[in-house]
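S.K.: Going by my numbering, the sequence shown opens with residue 3, and the numbers climb by one from there.
Just so it is clear, CB atoms sit at the ideal spot from N, CA and C, and this is done for glycine as well.
All of these numbers come straight from a predicted model, not from anything done at the bench.
The structure's right below; bear with me while I get my questions together.
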Amino acid sequence: MGYTARVLAASLDRKRWQVSGTIRGSKAAVEFDAVNFRAAEAALAAATHVLVSVPPNAAGDSVLVRYGDQLAAHGNLRWIGYLSTTGVYGDTGGALADESAPCNPTNVRSRWRLDAERAWSVLAENKRMPLHIFRLAGIYGPGRSTLDNVRAGRARRIDRPGYKFSRIHVADAAGVLRASIAAPAPGAIYNVCDDTPAAQADVVAHASGLLGLEPPPLVPFAAAEADLSPMARTFWTDNRRIDNSRIKRDLGITLLYPDYRAGLAAIMEAENSGENMD
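Following this line, the structure appears as structure tokens:
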């Protein structure tokens, strides 16, 4: 029951939906039935819709390994959603990638994601399961945005000309999932991102301005690279833009936050008014 799954759950009509989510350890559960990941058989047996949001690792997809056979034998599943990443496309040299683009991941986490996609797809095809794959761009939202990084002094403005990155506000990600649930299309793959890929330095500068702060100095990528963590370095390995036409065409999506400016402004407004954007 991670970030996106919690926002999706909070957006569902509780008169129509009963929501259960798997947790690890003593993680607090709010407004849903908490189920230990290692004892989720009963919850899955009762489910009509299943969202898989646990990231895979070197051993594979833990949900597929542990519960694949049960889900394959399930007679009442109407929809399965698998949350993947646009990282499966790898480096396109800045070219636009739609869902038909070849997958060539350049880092190990994205390779694990692609392996998981393929494993789920094989099972779904063999067992006629209603699988839907969602390739999400960088997710941001309340509590997890550039605004938080700027406030905490963690934000850096890194200049790498030509490199732009796609993003998605978590509320729009949840909206895509709801639209797919309402109009299932087993076997479908959807890119989930906003309309405006943007340079990292531009987003940090805009967030700083919203907070009334001077933006951090602009640092050339060559000078910043040595200080980046291994995970941060993989962020800069790929240069790609993501095409979101399918979610609009097939699911009728109109984005609440079509670019980072709209998304960050809404987060600021909600913070200032004390609202919960979930």
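1. Can you tell me which of the three DSSP states N1 falls into?
2. Going along the chain, which residues of its own chain have a beta-carbon closer than 7 Å to the beta-carbon of V205, five neighbours each way excluded?
3. By how many angstroms is the C-alpha of G211 removed from the C-alpha of G189?
4. Excluding the five sequence neighbours on either side, which residues of its own chain have a C-beta within less than 6 Å of the C-beta of K129, listed in chain order?
5. Starting from S64, trace the alpha helix (DSSP H) in both directions and tell me its first and last residue.
6. Based on the DSSP output, what are the partners of F1 in its beta bridges?
7. Please say whether K166 and A209 have beta carbons closer to each other than 7 Å?
8. Just to confirm my understanding: we take P132, look at its own chain, exclude 5 residues before and 5 after, and list those with CB closer than 8 Å. What are they?
9. Give, in chain order, every unbroken run of the alpha helix (DSSP H) that is at least 4 residues long and sits entirely within the segment 211-237.
10. In chain order, what residues of the same chain have a beta carbon less than 8 Å from the beta carbon of L14, not counting five sequence neighbours either side?
11. So, using beta-carbon positions, are A272 and L10 closer together than 7 Å?
12. List, from N- to C-terminal side, the alpha helix (DSSP H) runs of 4 residues or more that fit wholly inside the segment 120-172.
13. Helix or strand or just coil, what does DSSP make of D15?
14. Excluding five sequence neighbours on each side, which residues of the same chain lie with their C-beta closer than 8 Å to the C-beta of P107?
15. On the criterion of 16 or more Cβ atoms from any shown chain inside 10 Å, does V67 qualify as buried, or is it exposed?
16. Between Q72 and E43, how many whole angstroms is the CB-CB distance? I'm expecting something under 8 Å.
17. Classify G23 as helix, strand or coil using the three-state DSSP reduction.
M.R.: So, from the listed chains and residues:
1. Residue numbering for the chain in the displayed model covers 3 to 280; residue 1 lies beyond these limits and cannot be assessed.
2. Only T148, Y262 meet the Cβ criterion.
3. Going by the C-alpha atoms only, they are around 43 Å apart.
4. When the five nearest sequence neighbours on each side are left out, the beta carbons in the same chain lying within less than 6 Å of the beta carbon of K129 are those of A74, in order along the chain.
5. Segment 64-75, the alpha helix (DSSP H) holding S64.
6. No answer is possible for residue 1: the residues shown for the chain start at 3 and end at 280.
7. Cβ atoms of A209 and K166: not closer than 7 Å.
8. Closer than 8 Å at the Cβ level, and outside the excluded window around P132, lie L79, R80, W81, I82, A126, P186, P188.
9. Counting only runs of 4 or more, we get 223-226, 232-237.
10. Correct list, in chain order: V21, R180.
11. Taking 7 Å as the Cβ cut-off, A272 and L10 do not qualify as a contacting pair.
12. Here the runs fully enclosed are 148-153.
13. Under the three-state reduction of DSSP output, D15 falls in the coil class, being neither helix nor strand.
14. The answer, listed in chain order, is G89, V90, Y91, G92, R113, R115, L116.
15. By the neighbour-count criterion, in which a residue is buried when 16 or more other Cβ atoms sit within 10 angstroms of its Cβ, V67 is exposed.
16. Rounded to whole angstroms, the Cβ separation of Q72 and E43 is 6 Å, and the two are in contact under 8 Å.
17. For G23, the secondary structure class from DSSP, reduced to helix, strand or coil, is strand.
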